[in-house]
Amino acid sequence: MKNIRLGKTGIIIPQNGFGALPIQRVEKEAAVRILRRAYSGGMRFFDTARAYSDSEEKLGEAFGTGFVRREEIVIATKSHSKTPEELRKDLDTSLRLLKTDYIDIYQLHNVPECYRPGDGTGLYECMQEAKAQGKIRHIGITTHKLEVAREIIRSGLYETLQYPFSYLSTDKESAMMQECLAADMGFICMKGLAGGLITRSDAAMAFVSQYDILPIWGIQRETELDEWLSYMEETPQPVPEMRGFLEKERRELGGEFCRGCGYCMPCTVGIQINNCNRMILMLQRAPSRDWLSETWQENMKKIEDCIDCGKCMEKCPYELHIPELLRKNYEDYKKVLAGEITVS
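Read in the numbering used here, the sequence shown has 300 at position 280, and its numbers run on one by one without any break.
Now the structure itself:
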(Lines of atoms letter the chains of each structure in order from A and count residues from 1; the text may use other names and numbers.)
(Lines give C-alpha, C1' and ligand atoms only; values in the text may rest on other atoms or scores of the structure.)
Protein backbone atom coordinates (compact mmCIF):
# COMPACT_ATOMS: atom_id res chain seq x y z
CA MET A 1 0.00 0.00 0.00
CA LYS A 2 1.49 3.31 -1.04
CA ASN A 3 1.37 6.48 0.99
CA ILE A 4 -0.03 9.64 -0.56
CA ARG A 5 0.42 13.29 0.28
CA LEU A 6 -2.94 14.95 0.89
CA GLY A 7 -2.22 18.12 -1.03
CA LYS A 8 -1.20 21.29 0.74
CA THR A 9 -2.14 19.82 4.13
CA GLY A 10 1.20 18.01 3.95
CA ILE A 11 -0.42 14.97 5.57
CA ILE A 12 1.21 11.71 4.43
CA ILE A 13 -1.24 8.85 4.73
CA PRO A 14 -1.77 5.26 3.49
CA GLN A 15 -4.16 5.23 0.53
CA ASN A 16 -6.81 3.34 2.49
CA GLY A 17 -9.17 5.47 4.58
CA PHE A 18 -11.92 4.40 6.98
CA GLY A 19 -15.38 5.87 6.35
CA ALA A 20 -17.17 5.88 9.70
CA LEU A 21 -20.74 6.53 8.58
CA PRO A 22 -21.77 2.83 8.73
CA ILE A 23 -20.53 2.24 12.28
CA GLN A 24 -23.48 4.25 13.56
CA ARG A 25 -25.44 1.06 12.82
CA VAL A 26 -23.14 -1.10 14.97
CA GLU A 27 -23.21 -1.62 18.75
CA LYS A 28 -20.55 0.46 20.49
CA GLU A 29 -18.39 -2.47 21.63
CA ALA A 30 -18.28 -3.95 18.12
CA ALA A 31 -17.63 -0.54 16.56
CA VAL A 32 -14.70 0.11 18.88
CA ARG A 33 -13.26 -3.30 18.06
CA ILE A 34 -13.57 -2.67 14.31
CA LEU A 35 -11.98 0.79 14.56
CA ARG A 36 -9.05 -0.47 16.62
CA ARG A 37 -8.52 -3.40 14.27
CA ALA A 38 -8.46 -0.94 11.38
CA TYR A 39 -5.69 1.02 13.10
CA SER A 40 -3.74 -2.13 13.99
CA GLY A 41 -4.03 -3.24 10.36
CA GLY A 42 -2.49 -0.02 9.05
CA MET A 43 -5.37 2.39 8.45
CA ARG A 44 -4.63 5.89 9.72
CA PHE A 45 -7.36 8.15 8.26
CA PHE A 46 -10.82 8.14 9.84
CA ASP A 47 -13.67 10.23 8.42
CA THR A 48 -16.88 10.95 10.32
CA ALA A 49 -19.45 13.74 10.68
CA ARG A 50 -21.69 15.43 13.19
CA ALA A 51 -24.61 14.13 11.12
CA TYR A 52 -23.60 10.47 11.58
CA SER A 53 -25.48 10.07 14.89
CA ASP A 54 -23.08 8.37 17.37
CA SER A 55 -20.18 7.75 14.96
CA GLU A 56 -18.00 10.44 16.55
CA GLU A 57 -18.68 9.05 20.01
CA LYS A 58 -17.54 5.59 18.92
CA LEU A 59 -14.37 7.02 17.39
CA GLY A 60 -13.71 8.85 20.64
CA GLU A 61 -14.14 5.66 22.61
CA ALA A 62 -11.80 3.78 20.27
CA PHE A 63 -8.99 6.31 20.03
CA GLY A 64 -9.47 8.97 22.69
CA THR A 65 -8.86 6.73 25.68
CA GLY A 66 -5.14 6.01 25.32
CA PHE A 67 -5.26 3.22 22.73
CA VAL A 68 -3.11 5.29 20.34
CA ARG A 69 -1.10 8.49 20.49
CA ARG A 70 -3.24 11.25 18.99
CA GLU A 71 -0.63 12.18 16.38
CA GLU A 72 -0.66 8.64 14.97
CA ILE A 73 -4.09 9.04 13.39
CA VAL A 74 -5.81 11.61 11.18
CA ILE A 75 -9.39 12.48 12.12
CA ALA A 76 -11.68 14.28 9.70
CA THR A 77 -15.20 15.33 10.61
CA LYS A 78 -17.85 17.62 9.15
CA SER A 79 -20.64 20.06 9.95
CA HIS A 80 -23.86 20.86 8.06
CA SER A 81 -24.10 24.17 9.91
CA LYS A 82 -25.52 27.20 8.11
CA THR A 83 -24.44 29.85 10.64
CA PRO A 84 -21.22 30.56 12.55
CA GLU A 85 -23.05 29.96 15.84
CA GLU A 86 -24.16 26.50 14.74
CA LEU A 87 -20.68 25.74 13.40
CA ARG A 88 -18.97 26.65 16.67
CA LYS A 89 -21.46 24.51 18.59
CA ASP A 90 -20.95 21.55 16.23
CA LEU A 91 -17.18 21.85 16.45
CA ASP A 92 -17.16 21.90 20.24
CA THR A 93 -19.52 18.90 20.30
CA SER A 94 -17.26 16.99 17.91
CA LEU A 95 -14.17 17.74 19.98
CA ARG A 96 -15.93 16.51 23.12
CA LEU A 97 -17.29 13.31 21.56
CA LEU A 98 -14.03 12.51 19.76
CA LYS A 99 -12.15 13.09 23.04
CA THR A 100 -9.53 15.24 21.37
CA ASP A 101 -8.40 18.86 21.58
CA TYR A 102 -8.02 19.27 17.81
CA ILE A 103 -9.44 17.91 14.56
CA ASP A 104 -7.04 17.34 11.68
CA ILE A 105 -9.45 18.20 8.86
CA TYR A 106 -12.71 20.01 9.57
CA GLN A 107 -15.07 20.03 6.61
CA LEU A 108 -18.13 22.01 5.62
CA HIS A 109 -20.54 19.19 4.79
CA ASN A 110 -22.28 18.73 1.41
CA VAL A 111 -22.28 22.39 0.50
CA PRO A 112 -24.57 23.82 -2.22
CA GLU A 113 -22.03 26.55 -3.02
CA CYS A 114 -18.44 27.58 -2.35
CA TYR A 115 -18.41 29.58 0.87
CA ARG A 116 -15.96 32.48 0.78
CA PRO A 117 -14.77 35.30 3.04
CA GLY A 118 -17.18 38.21 2.87
CA ASP A 119 -20.09 36.25 1.35
CA GLY A 120 -22.35 37.14 4.27
CA THR A 121 -22.60 33.64 5.76
CA GLY A 122 -19.58 34.00 8.05
CA LEU A 123 -18.85 30.28 7.66
CA TYR A 124 -15.39 30.56 6.12
CA GLU A 125 -14.36 33.20 8.65
CA CYS A 126 -15.56 30.86 11.41
CA MET A 127 -13.36 28.07 10.05
CA GLN A 128 -10.39 30.44 9.96
CA GLU A 129 -11.10 31.44 13.55
CA ALA A 130 -11.19 27.78 14.66
CA LYS A 131 -7.90 27.14 12.88
CA ALA A 132 -6.28 30.16 14.54
CA GLN A 133 -7.48 28.83 17.91
CA GLY A 134 -5.86 25.45 17.22
CA LYS A 135 -9.16 23.57 17.28
CA ILE A 136 -8.69 22.45 13.68
CA ARG A 137 -5.55 21.93 11.64
CA HIS A 138 -6.90 22.12 8.08
CA ILE A 139 -10.01 23.52 6.37
CA GLY A 140 -11.85 21.09 4.10
CA ILE A 141 -15.15 20.91 2.27
CA THR A 142 -17.43 18.26 0.75
CA THR A 143 -19.95 18.40 -2.07
CA HIS A 144 -21.81 16.15 -4.50
CA LYS A 145 -22.15 18.79 -7.21
CA LEU A 146 -19.58 18.90 -10.01
CA GLU A 147 -19.88 22.62 -10.75
CA VAL A 148 -19.59 23.47 -7.05
CA ALA A 149 -16.49 21.25 -6.81
CA ARG A 150 -14.88 23.14 -9.68
CA GLU A 151 -15.72 26.46 -8.05
CA ILE A 152 -14.19 25.26 -4.78
CA ILE A 153 -10.95 24.18 -6.46
CA ARG A 154 -10.60 27.45 -8.36
CA SER A 155 -11.23 29.51 -5.22
CA GLY A 156 -7.97 28.28 -3.68
CA LEU A 157 -9.55 28.63 -0.24
CA TYR A 158 -9.75 25.01 0.88
CA GLU A 159 -7.09 22.43 1.64
CA THR A 160 -9.15 19.32 0.87
CA LEU A 161 -12.15 18.44 -1.26
CA GLN A 162 -14.29 15.37 -0.59
CA TYR A 163 -16.36 14.21 -3.56
CA PRO A 164 -18.00 10.96 -4.79
CA PHE A 165 -15.50 9.25 -7.10
CA SER A 166 -15.15 5.74 -8.51
CA TYR A 167 -14.44 4.01 -11.79
CA LEU A 168 -18.04 4.80 -12.76
CA SER A 169 -17.41 8.54 -12.55
CA THR A 170 -17.76 10.61 -15.71
CA ASP A 171 -14.93 12.05 -17.77
CA LYS A 172 -15.88 15.50 -16.48
CA GLU A 173 -15.53 14.29 -12.89
CA SER A 174 -12.16 12.71 -13.68
CA ALA A 175 -10.98 16.01 -15.17
CA MET A 176 -12.16 17.82 -12.03
CA MET A 177 -10.18 15.38 -9.86
CA GLN A 178 -7.03 16.05 -11.91
CA GLU A 179 -7.62 19.80 -11.60
CA CYS A 180 -7.86 19.35 -7.83
CA LEU A 181 -4.53 17.54 -7.69
CA ALA A 182 -2.91 20.13 -9.96
CA ALA A 183 -4.02 22.81 -7.48
CA ASP A 184 -2.22 20.88 -4.70
CA MET A 185 -5.54 20.28 -2.99
CA GLY A 186 -6.11 16.99 -1.19
CA PHE A 187 -8.77 14.88 -2.93
CA ILE A 188 -10.77 12.58 -0.66
CA CYS A 189 -13.08 10.25 -2.56
CA MET A 190 -16.25 8.99 -0.97
CA LYS A 191 -18.61 6.44 -2.51
CA GLY A 192 -15.77 4.51 -4.09
CA LEU A 193 -18.20 1.58 -4.44
CA ALA A 194 -20.82 3.82 -6.11
CA GLY A 195 -23.37 3.32 -3.39
CA GLY A 196 -23.16 -0.49 -3.58
CA LEU A 197 -23.27 -0.87 -7.37
CA ILE A 198 -19.58 -1.82 -7.47
CA THR A 199 -19.30 -5.31 -6.02
CA ARG A 200 -15.57 -5.98 -6.43
CA SER A 201 -13.50 -4.12 -3.90
CA ASP A 202 -10.27 -5.12 -5.63
CA ALA A 203 -11.42 -3.33 -8.79
CA ALA A 204 -12.36 -0.23 -6.80
CA MET A 205 -8.95 -0.21 -5.11
CA ALA A 206 -7.05 -0.86 -8.34
CA PHE A 207 -8.76 2.13 -9.93
CA VAL A 208 -7.96 4.64 -7.17
CA SER A 209 -4.38 3.35 -6.84
CA GLN A 210 -3.61 5.04 -10.16
CA TYR A 211 -3.95 8.49 -8.58
CA ASP A 212 -2.70 10.31 -5.49
CA ILE A 213 -6.18 10.45 -3.98
CA LEU A 214 -7.53 9.15 -0.69
CA PRO A 215 -10.50 6.76 -0.79
CA ILE A 216 -12.61 6.34 2.33
CA TRP A 217 -14.43 3.01 2.43
CA GLY A 218 -17.62 2.76 4.45
CA ILE A 219 -17.05 -0.13 6.86
CA GLN A 220 -19.66 -1.78 9.07
CA ARG A 221 -18.60 -5.44 9.36
CA GLU A 222 -15.38 -7.19 10.29
CA THR A 223 -15.51 -9.15 7.03
CA GLU A 224 -15.53 -5.87 5.09
CA LEU A 225 -12.60 -4.63 7.15
CA ASP A 226 -10.69 -7.86 6.47
CA GLU A 227 -11.04 -7.22 2.75
CA TRP A 228 -9.72 -3.66 2.88
CA LEU A 229 -6.90 -4.55 5.28
CA SER A 230 -5.75 -7.35 2.98
CA TYR A 231 -4.88 -4.66 0.43
CA MET A 232 -2.41 -3.05 2.84
CA GLU A 233 -0.01 -5.91 2.07
CA GLU A 234 -0.91 -6.54 -1.56
CA THR A 235 -2.67 -3.65 -3.28
CA PRO A 236 -4.64 -4.55 -6.44
CA GLN A 237 -3.17 -2.91 -9.53
CA PRO A 238 -4.77 -1.88 -12.85
CA VAL A 239 -3.11 -4.68 -14.82
CA PRO A 240 -4.45 -5.38 -18.34
CA GLU A 241 -6.98 -7.96 -17.11
CA MET A 242 -8.29 -5.53 -14.49
CA ARG A 243 -8.44 -2.68 -17.01
CA GLY A 244 -10.60 -4.87 -19.23
CA PHE A 245 -12.98 -5.52 -16.35
CA LEU A 246 -13.18 -1.81 -15.51
CA GLU A 247 -14.02 -0.93 -19.12
CA LYS A 248 -16.75 -3.59 -19.19
CA GLU A 249 -18.23 -2.18 -15.97
CA ARG A 250 -18.21 1.35 -17.35
CA ARG A 251 -20.03 0.24 -20.49
CA GLU A 252 -22.70 -1.56 -18.46
CA LEU A 253 -23.17 0.96 -15.67
CA GLY A 254 -21.91 4.31 -16.93
CA GLY A 255 -24.23 7.24 -17.47
CA GLU A 256 -27.13 8.42 -15.37
CA PHE A 257 -27.79 6.26 -12.34
CA CYS A 258 -28.78 6.80 -8.73
CA ARG A 259 -25.89 6.59 -6.25
CA GLY A 260 -28.27 6.08 -3.32
CA CYS A 261 -26.98 9.11 -1.41
CA GLY A 262 -30.44 9.88 -0.02
CA TYR A 263 -30.23 13.67 -0.29
CA CYS A 264 -33.55 13.59 -2.17
CA MET A 265 -35.32 12.26 0.93
CA PRO A 266 -37.82 12.43 2.49
CA CYS A 267 -40.32 11.96 -0.32
CA THR A 268 -43.56 13.93 -0.17
CA VAL A 269 -45.63 10.74 -0.53
CA GLY A 270 -43.27 8.34 1.27
CA ILE A 271 -41.44 6.67 -1.62
CA GLN A 272 -38.06 5.19 -0.60
CA ILE A 273 -36.39 6.98 -3.48
CA ASN A 274 -32.77 6.13 -2.72
CA ASN A 275 -33.37 2.39 -3.20
CA CYS A 276 -36.40 2.33 -5.51
CA ASN A 277 -34.59 4.59 -7.96
CA ARG A 278 -31.85 2.03 -8.61
CA MET A 279 -33.78 -1.17 -7.97
CA ILE A 280 -33.07 -2.84 -11.32
CA LEU A 281 -29.33 -2.24 -11.03
CA MET A 282 -29.39 -3.72 -7.52
CA LEU A 283 -31.35 -6.75 -8.75
CA GLN A 284 -28.80 -7.31 -11.49
CA ARG A 285 -25.79 -7.02 -9.19
CA ALA A 286 -26.87 -8.60 -5.90
CA PRO A 287 -28.89 -11.63 -4.78
CA SER A 288 -32.45 -10.70 -5.71
CA ARG A 289 -34.45 -12.54 -3.05
CA ASP A 290 -34.49 -9.72 -0.49
CA TRP A 291 -35.40 -7.10 -3.10
CA LEU A 292 -38.37 -9.19 -4.28
CA SER A 293 -39.93 -9.59 -0.84
CA GLU A 294 -43.49 -8.50 -0.08
CA THR A 295 -42.11 -5.49 1.77
CA TRP A 296 -40.14 -4.32 -1.25
CA GLN A 297 -43.02 -5.01 -3.59
CA GLU A 298 -45.10 -2.66 -1.43
CA ASN A 299 -42.28 -0.10 -1.42
CA MET A 300 -42.04 -0.19 -5.20
CA LYS A 301 -45.83 0.07 -5.58
CA LYS A 302 -45.62 3.42 -3.74
CA ILE A 303 -44.09 4.81 -6.93
CA GLU A 304 -47.66 4.88 -8.28
CA ASP A 305 -48.34 7.64 -5.72
CA CYS A 306 -45.72 10.03 -7.17
CA ILE A 307 -47.30 13.45 -7.76
CA ASP A 308 -44.38 14.91 -9.75
CA CYS A 309 -43.89 17.67 -7.18
CA GLY A 310 -40.24 17.96 -8.23
CA LYS A 311 -38.89 18.41 -4.69
CA CYS A 312 -36.62 15.39 -5.04
CA MET A 313 -35.12 16.77 -8.26
CA GLU A 314 -34.41 20.11 -6.58
CA LYS A 315 -32.35 18.29 -3.93
CA CYS A 316 -30.61 15.73 -6.16
CA PRO A 317 -26.90 16.63 -6.43
CA TYR A 318 -26.64 14.66 -9.68
CA GLU A 319 -29.56 16.47 -11.33
CA LEU A 320 -31.36 13.22 -12.14
CA HIS A 321 -34.93 13.23 -13.45
CA ILE A 322 -36.05 11.18 -10.46
CA PRO A 323 -39.77 10.66 -11.24
CA GLU A 324 -38.88 9.36 -14.69
CA LEU A 325 -36.22 6.99 -13.31
CA LEU A 326 -38.59 5.77 -10.60
CA ARG A 327 -41.26 4.87 -13.14
CA LYS A 328 -38.76 3.09 -15.38
CA ASN A 329 -37.49 1.06 -12.42
CA TYR A 330 -41.07 0.23 -11.43
CA GLU A 331 -42.00 -0.96 -14.92
CA ASP A 332 -38.91 -3.17 -15.09
CA TYR A 333 -39.54 -4.42 -11.54
CA LYS A 334 -43.03 -5.58 -12.54
CA LYS A 335 -41.48 -7.41 -15.49
CA VAL A 336 -39.09 -9.17 -13.10
CA LEU A 337 -42.04 -10.25 -10.94
CA ALA A 338 -43.86 -11.49 -14.05
CA GLY A 339 -40.81 -13.49 -15.17
CA GLU A 340 -40.27 -11.36 -18.27
CA ILE A 341 -36.84 -10.22 -17.01
CA THR A 342 -34.47 -12.72 -15.38
CA VAL A 343 -32.25 -11.73 -12.44
CA SER A 344 -29.86 -13.64 -10.20
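For every residue, glycine included, the Cβ atom is placed at its ideal position computed from N, Cα and C.
Can you find the residues in the same chain that come closer than 6 Å, C-beta to C-beta, to residue i, ignoring five residues on each side of it along the sequence?
i    : result
I156 : I123, Y126 and A150
V228 : P235
Y187 : F227 and L266
G393 : Not covered by the structure: residue 393. The range shown for the chain is 21 to 364.
Quick one: what's got a C-beta closer than 7 Å to residue i's C-beta in the same chain, skipping five residues either side?
i    : result
Q240 : P42, I43, R45 and V46
M285 : I293 and N294
N319 : Q292 and C296
G290 : K322
G61  : L249 and M252
R90  : T120
Assuming residue i and residue j form a contact by the criterion Cβ under 8 Å, report the distance between their Cβ atoms to the nearest whole angstrom.
i    : j    : result
L346 : C296 : 6 Å
K78  : L111 : Not really, about 19 Å apart at Cβ, beyond 8 Å.
L340 : E276 : 6 Å
Thinking C-beta only, is residue j closer than 8 Å to residue i?
i    : j    : result
I172 : I161 : yes
M252 : N23  : no
A224 : G212 : yes
L26  : T255 : no
S101 : L107 : yes
I33  : F65  : yes
T288 : I342 : no
M197 : Y231 : yes
S99  : R70  : yes
A50  : D67  : no
A169 : Y178 : no
I95  : L117 : no
M63  : F38  : yes
S313 : V363 : no
What I want to know is whether the C-beta of residue i ends up closer than 7 Å to one or more non-hydrogen atoms of the ligand GTP.
i    : result
A358 : In the structure shown, the ligand GTP is absent, as is every other ligand, since no ligand is present at all.
Identify, in the order they occur along the chain, each residue of the same chain with its Cβ nearer than 8 Å to the Cβ of residue i, setting aside the five sequence neighbours on each side.
i    : result
P337 : N130, T163, H164, K165, C281 and Y283
G88  : Per the sequence presented here, residue 88 reads as Val, with Gly not at that position. So the list reads Y59, once near-sequence residues are dropped.
Is there a Cβ of chain D sitting closer than 8 Å to that of residue i, yes or no?
i    : result
L107 : Structure shown: chain D not included; a single protein chain is present.
Exercise for review: Evaluate the contact criterion for the stretch 266–275 versus the stretch 74–86: three or more CB pairs, one atom per stretch, below 8 Å.
Suggested key: no
Check your understanding: Touch check for the stretch 317–334 and the stretch 302–309: three-plus C-beta pairs under 8 Å?
Key -> no
Review point. Whole beta strand (DSSP E) runs in the stretch 182–267 with 3 or more residues, listed along the chain?
Key: 206–210 and 234–238
**Study point:** Ranges of the alpha helix (DSSP H) found wholly within the stretch 301–328, counting only runs of at least 4
**Key:** 314–321
Exercise for review: Pair every Cβ in the stretch 203–212 with every Cβ in the stretch 241–250, then say whether three or more of these pairs are closer than 8 Å.
Suggested key: no
**Study point:** the stretch 135–154 touching the stretch 162–169, judged by at least three CB pairs closer than 8 Å
**Key:** no
Review point. If you scan the stretch 326–356 from start to end, which runs of the alpha helix (DSSP H) of 4 or more residues do you find wholly inside it?
Key: 331–335
**Study point:** Whole beta strand (DSSP E) elements within the stretch 24–105, 3-residue minimum
**Key:** 32–34, 37–39, 65–67 and 94–99
Review point. Which runs of the alpha helix (DSSP H) spanning at least 4 residues fall entirely within the stretch 115–163, listed in chain order?
Key: 143–152
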